[in-house]
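In what follows, a structure is listed as structure tokens, so that the remarks can point back to it.
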Amino acid sequence: MKLFDGGRAPNPRRVRVFLAEKGLEVPMEAVDMGQLAHRSEEIARRNPLKRLPVLELDDGTVLTESIAICRYFEELHPEPALFGTGALDRARVEMWNRRLELGFYAAVAAAFRHTHPAMAAWEVPQIAAWGEANRPKTLEFLEVFDAHLVDNRFAAGDDFSVADITGLIACDFMKPAKIAMPEGLDNVARWYSEVSSRPSAAA
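First residue of the sequence shown: 77, per this note's numbering; consecutive thereafter.
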């Protein structure tokens, strides 16, 4: 088994944080995304989308997409449960991970990919207006998330889950995307302080 890892890029980091929460160590091969090594033949023959992370199993089976890889490890190592336990809890985790992914994570990514000069060779065409349009979307979602966190310790309730990992990565991605965290979101600040202090956040 080998995990082709992309360093500080958000999606590879999601998997590393997840594995750290599980206490799992997986052999990793570093791929220098700054040098566009994720577009190499070595990666392309495993993932035609030329994106990371990529998990190659012992039998040659390849899994891509960060959440799919996390689900694979959840099935193999169900404790601690990071996708929820029981029908309702799992549905809540799925709901909030989806909300955080589409409403927050994707908007931050669009702002970064379509406005940062270093991404011009990656995002073709790079559409600055689309990047700028996503900045206020992130702030609108954070207001919704702040209200939700009034009565919830974590994204999906009382327990830390993969949804919190998605939210953590999106929050940290705001800095390179040049999106400032708004003042007054006290519940988001409390939540972020807790999730970013977990040892796994350093993965």
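Each residue gets a CB set at the ideal place from its N, CA and C atoms; glycine is no exception. Quantities reported herein were computed from a predicted structural model and do not represent experimental measurements.
Where residue i sits in the DSSP three-state scheme
i, result
"D81", "strand"
"G243", "helix"
"F236", "coil"
"M109", "helix"
Boundaries of the alpha helix (DSSP H) in which residue i is found, first to last residue
i, result
"E117", "E117 to A120"
"A209", "A204 to H224"
"A96", "P86 to K98"
"N263", "D262 to S272"
Start and end residues, beta strand (DSSP E) containing residue i
i, result
"L131", "V130 to E132"
Chain-order list of residues whose beta-carbon lies under 6 angstroms from that of residue i (same chain, five-residue window excluded)
i, result
"K213", "A183"
"T140", "N123 and V130"
Residue i versus residue j: straight-line alpha-carbon distance, rounded
i, j, result
"K98", "S116", "30 angstroms"
"G179", "G136", "35 angstroms"
"I203", "R211", "13 angstroms"
"A185", "A163", "31 angstroms"
"L261", "E216", "11 angstroms"
"E219", "E118", "42 angstroms"
Residues of its chain near residue i, where Cβ-Cβ distance is below 8 angstroms and the 5 sequence neighbours each way are ignored
i, result
"D134", "M77"
Task: Complete runs of the alpha helix (DSSP H) confined to the segment 136-202 [at least 4 residues] - done: 142-152, 163-176 and 182-191
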